[in-house]
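Have a look at the structure below, then the notes.
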Amino acid sequence: SGQIELSSRADEQPRRGAPVKHLFTEGRGLGTVLLWIPNFLNLLLLYFINSWLPALLRESGMSVSQGVTATAFVSFGGVFACLGEGFLLNRLGAHRTLVTEFGLAGLLFAGLSYLLHPFGLALAVTFALGFQAIGAQAGLNALAAKFYPTSIRSTGVGWALGVGRVGSIVGPVLAGMLLTAGWTPRELMFSGALCGLCAALAIWLSKQVPTTATPYTRDPGVGQR
12 SGQIELSSRA
22 DEQPRRGAPV
32 KHLFTEGRGL
42 GTVLLWIPNF
52 LNLLLLYFIN
62 SWLPALLRES
72 GMSVSQGVTA
82 TAFVSFGGVF
92 ACLGEGFLLN
102 RLGAHRTLVT
112 EFGLAGLLFA
122 GLSYLLHPFG
132 LALAVTFALG
142 FQAIGAQAGL
152 NALAAKFYPT
162 SIRSTGVGWA
172 LGVGRVGSIV
182 GPVLAGMLLT
192 AGWTPRELMF
202 SGALCGLCAA
212 LAIWLSKQVP
222 TTATPYTRDP
232 GVGQR
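Here my numbering = 1-based position in the sequence shown + 11.
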């Protein structure tokens, strides 16, 4: 897999005041938001999958053992994602890689509501979902570390992960509320598809909206082409 180099300047001046304030100064405000949105939505999707996928597959006609196996393939896909994400970022670039991954996540969630049979096909879809969600999270973490200067790097990475953790809490809770309200498993899968597409849109916008700093296009040190 590829390597990501974190730059550090010996002459960099420490920043005074509340550390979180500096995530939005020196032209980094939009870039920070564009990191937070995919972090929030990706962990929302990942914890939604881990918490509710077996039950949703069971309601869709699978046996309990099939639902558990399909969910295990999410983690199985994540193993390969952690090994391959660095290569993809260096080969294709951060912008292209993450837009593709989140776009595929939207399609996979939509497809999962229909592609439950044969069982092997459902396993392939859940494997691909795991590859996307866990791989994209690894990519987002690396970009957060590269995006911020040394003096606020830990703050930037911590806040990006913190916003993502909010998504990890909201995802299972929201899914439970929607099921209680009468949503079907298919409707929930389509809502997951919408989240994936919104994350892809946020990253795509980073190239369309003028900004002096974005983690996806400004000297990311990852996959520059």
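Every residue, glycine too, gets a C-beta built ideally from N, C-alpha and C.
query = Nearest CA to the CA of Y125: which residue from H106, G89, M73 and A92?
reply = M73
ask   = Quick check: the region 27-44 against the region 187-201, are there 3 or more CB pairs under 8 Å?
value = The answer is no - the region 187-201 does not touch the region 27-44, with fewer than three Cβ pairs under 8 Å.
inquiry  = When you compare the region 205-216 with the region 62-81, are there three or more beta-carbon pairs, one atom per stretch, that lie closer than 8 Å?
reply    = no
request  = Mind reading off the beta-carbon distance from I145 to A105? Whole number of angstroms is fine, and I expect it under 8 Å.
outcome  = Wrong, their Cβ atoms sit about 16 Å apart, outside the cutoff.
task = Answer yes if the region 172-181 comes into contact with the region 51-58, meaning at least three C-beta pairs across the two stretches below 8 Å, and no otherwise.
result = yes
task = Please name the residue, chosen from G40, I48 and P30, that lies closest to G175 on a Cα-to-Cα basis.
result = Checked all of G40, I48 and P30; the closest Cα to G175 is I48.
C-alpha gap between L132 and L212, whole angstroms = 28 Å
message = Please report the distance separating the alpha-carbon of L99 from that of A155.
response = 17 Å
ask   = DSSP state of Q148, grouped into three classes?
value = Here Q148 carries a helix assignment [DSSP, helix/strand/coil].
task = Could you check what DSSP says for A224 in three-state terms: helix, strand or coil?
result = coil
task = Pick helix, strand or coil for H33, following the three-state DSSP scheme.
result = Reduced to three states, the DSSP call for H33 is helix.
task = Evaluate the contact criterion for the region 194-206 versus the region 76-93: three or more CB pairs, one atom per stretch, below 8 Å.
result = The region 194-206, when compared against the region 76-93, does not touch it at the 8 Å Cβ threshold.
message = In whole angstroms, give me the CA-to-CA distance for V31 and V79.
response = Here the alpha carbons of V79 and V31 stand approximately 41 Å from one another.
ask   = Just to confirm, are F138 and Q77 a CB contact at a threshold of 8 Å?
value = no
query = What are the boundary residues of the alpha helix (DSSP H) that H106 is part of?
reply = Element bounds for H106: A105 to L123.
query = Can you give the beta carbon distance from L199 to L67, rounded, assuming they're within the 8 Å contact cut?
reply = 6 Å
request  = Would you decide whether L119 is buried or exposed? Buried here means 16 or more other CB atoms lie within 10 Å of its CB.
outcome  = buried
request  = Quick one: give me the first and last residue of the alpha helix (DSSP H) that I163 is part of.
outcome  = I163 -> no alpha helix (DSSP H), and no H or E assigned at all.
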